[in-house]
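One gets the working numbering by counting positions in the sequence shown from 1 and adding 363 to each. Every residue, glycine too, gets a C-beta built ideally from N, C-alpha and C. Note that the coordinates shown come from a computational prediction; the quantities given were computed from them, not determined experimentally.
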Amino acid sequence: MDLYKDLLELIQDYSIEEQNIINKAYETANLMHREQKRQSGEPYIIHPLNVSIILANMKADASTIAAGLLHDVLEDCDMTKEELTKEFNSEIAMLVDGVTKITNLDLSSKNAIALANTRKIITSVMEDVRIIIIKLADRLHNMKTLEFMKSEKQQEKSLETLEVFVPLANYIGAFLIKGELEELALKYLKPEEYESVSGQMQEILEKSKEILDSMIETITYTLEKNNINYTFKTRIKNIYRVYKKLSKNMKLNDIHDLLALKIVVDDIPTCYQVLGLVHSLYPPFNSEFKDYIVLPKTNLYQSLHTTVFAPNDMFVQVQIRTSKMDLVSQHGLATYWHLNKSDARFIMQERLKEKFQFFASLNEIDHNAKDNEEFIMRIRQDLFSNRIYVYTTKGDIIELPSGSTPIDFAYNIHTDIGNKMIGVVVNDQYVDFNYILKTKDVVKIIISDTAGKPDKSWIELAKTSIAKRRISEFLNKNEEKDDRQ
Ligand code: MN
């Protein structure tokens, strides 16, 4: 089978032992699914094979690829977790079991058992982020083959993809998968809009091809004159993201990062050197310069972004980054498979805890939710609602659920900042505490050691559980004090 050959080719650098386990997983999956067909009429094994190929392209470890091949055997065949452990090992069995559990995840159920189950799944899945990555690969292949499903199923899967899997992909920085999932979901949910946006973008791309080529030529000349190693890539903005901007009444011409030129270089000092060279050729549009190298996004993304005045009154975004940053921009957390295969799973789990804001929020919710219902409600509200990204005056990016107020911002930075808050300045203007923050707002909290004190009404104004909880804690403590006096 051709797909199997593709897989073998991708894993030819793996050790013999690793290749053996992947082969065995393939043979087992092939046997277990032998009588099943996909909706397309093809043999079922096509699906797990495609999932494992997506994972092998991310340079996943052998256990993850094997689990990708076996990911549907617990759900669809009469194999048990114990049998998987015996045939393979407990690691692969745990991964397959984890993926099977997320398949049954139901965030909308009100049933007490389902709620308890959902909570258990979410917290257990977090113990090994590879489960999420396998599930994302599974969903990506299912979305790519959605045409064979009934229209109702297409809508349902697409909505779930946008609500659950796109945020998950975003949280772990798997941008390549995230972009593909978004575009596929839009194609089924809004086919006309999808066609129209992609048509318009194609037109712009054709018109600007000459300009981009001339810019590449000019920049190349300068880079070579300065003995700089580089790779050029062009990228066109994801159709879904453009659609979202257009539906907020923006015009295509106002989207300045529609076209981006990526320059990938060896190290960080060279990034800044290239930035200077690019600016000397094309003047920057100052307000759109972003240094995500010094101030990375909340999912590790790093790069310099500058929008420049290109020929013919065009704006072109230039992104400058190292090759490691470029890998992170495609795979996020899964980049560690490329960098450090043997320890990758431990490093990934460590980074998740240290660096990813969503993991901290999830833990916070898990530790403080009164019951399972509140846990699920908070997960929906805090983690699977739209997110906004606001700045501190130092330029740090703070990620919050949309609808958040300065109260959320303050308590997300530090309990003391929240408890001592007496005023808020957003983009150099004083605002009220019920102001709804927007992406790109620059927020400054004014505090006072003596006059600051949270008010009961703040609990209602706050959107995040962390803020609500910290306000209640403060108020409870102070009540106790009052009682004693
Ligand atoms: Mn599957």
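So for residue i, helix, strand or coil by DSSP?
i, result
"Met-506", "helix"
"Lys-387", "helix"
"Ile-498", "Here the sequence assigns Lys to residue 498, which means Ile is not the residue at that position. The answer is helix: DSSP assigns Lys-498 an H, G or I state."
"Lys-400", "strand"
"Ser-472", "coil"
"His-642", "helix"
"Glu-490", "coil"
"Pro-659", "coil"
"Thr-443", "coil"
"Ile-374", "coil"
"Asn-420", "helix"
"Asp-435", "coil"
"Ile-428", "helix"
"Ser-610", "coil"
"Met-457", "helix"
"Lys-513", "coil"
"Ile-618", "coil"
"Asn-452", "coil"
May I ask you to check if the CB of residue i is nearer than 8 Å to at least one heavy atom of the ligand MN?
i, result
"Asn-393", "no"
"Pro-406", "no"
"Asn-533", "no"
"Asp-435", "yes"
"Pro-646", "no"
"Asp-460", "no"
"Asn-410", "Contrary to the premise, residue 410 reads as His rather than Asn in this sequence. His-410: yes, Cβ under 8 Å from the ligand MN."
"His-504", "yes"
"Asp-576", "no"
"Val-414", "yes"
"Asp-729", "no"
"Asp-676", "no"
"Asp-491", "no"
"Asp-501", "yes"
Using DSSP bridges, identify the partner residues of residue i.
i, result
"Thr-670", "Gln-680"
"Asp-654", "Leu-667"
"Ile-626", "Phe-595, Ile-683"
"Pro-406", "Lys-400"
"Pro-647", "Val-671"
Is residue i near the ligand MG - that is, is its Cβ less than 8 Å away from at least one heavy atom of it?
i, result
"Glu-736", "The model depicted lacks the ligand MG and carries the ligand MN instead."
For the 8 Å Cβ check, are there 3 or more pairs between the segment 407 to 415 and the segment 475 to 494? No, the segment 407 to 415 is not in contact with the segment 475 to 494.
Hey, which unbroken runs of the beta strand (DSSP E) at 3 residues or more fall wholly within the segment 529 to 607? With a minimum length of 3 residues, the continuous beta strand (DSSP E) runs that stay inside the segment 529 to 607 are 594 to 599.
Suppose only complete runs of 3+ residues qualify. What are the beta strand (DSSP E) ranges in the segment 746 to 832, listed by chain order? Here the runs fully enclosed are 750 to 755, 760 to 764, 784 to 789, 792 to 794, 805 to 810.
Fully enclosed by the segment 682 to 749, which beta strand (DSSP E) runs are 3 residues long or longer? If we require 3 residues or more, the segment 682 to 749 turns out to have no beta strand (DSSP E) run fully inside it.
Are there three or more Cβ pairs, one per stretch, closer than 8 Å when the segment 568 to 575 is compared with the segment 614 to 633? Yes, since at least three Cβ pairs between the segment 568 to 575 and the segment 614 to 633 fall closer than 8 Å, the two stretches touch.
Whether or not the segment 673 to 693 and the segment 786 to 805 are in contact is what I'm after, with contact meaning three or more pairs of Cβ atoms, one per stretch, closer than 8 Å; do they touch? Verdict: no, contact absent.
Between the segment 437 to 446 and the segment 521 to 531, do at least 3 Cβ pairs fall closer than 8 Å? Verdict: no, contact absent.
Check whether the segment 633 to 641 and the segment 580 to 589 touch, using three or more Cβ-Cβ pairs below 8 Å as the test. Between the segment 633 to 641 and the segment 580 to 589, the count of Cβ pairs shorter than 8 Å is three or higher; the stretches touch.
Within 8 Å, do at least three Cβ pairs link the segment 389 to 398 to the segment 660 to 672? Because the criterion of three Cβ pairs below 8 Å is not met, the segment 660 to 672 and the segment 389 to 398 do not touch.
Inter-stretch contact (C-beta, 8 Å, three-pair minimum) for the segment 701 to 716 and the segment 542 to 557: As far as the Cβ criterion goes, the segment 701 to 716 does not touch the segment 542 to 557, which means the pair count is below three.
Taking 8 Å as the cut-off, does the segment 798 to 809 touch the segment 747 to 763 (at least 3 CB pairs, one atom from each stretch)? The segment 747 to 763 is in contact with the segment 798 to 809.
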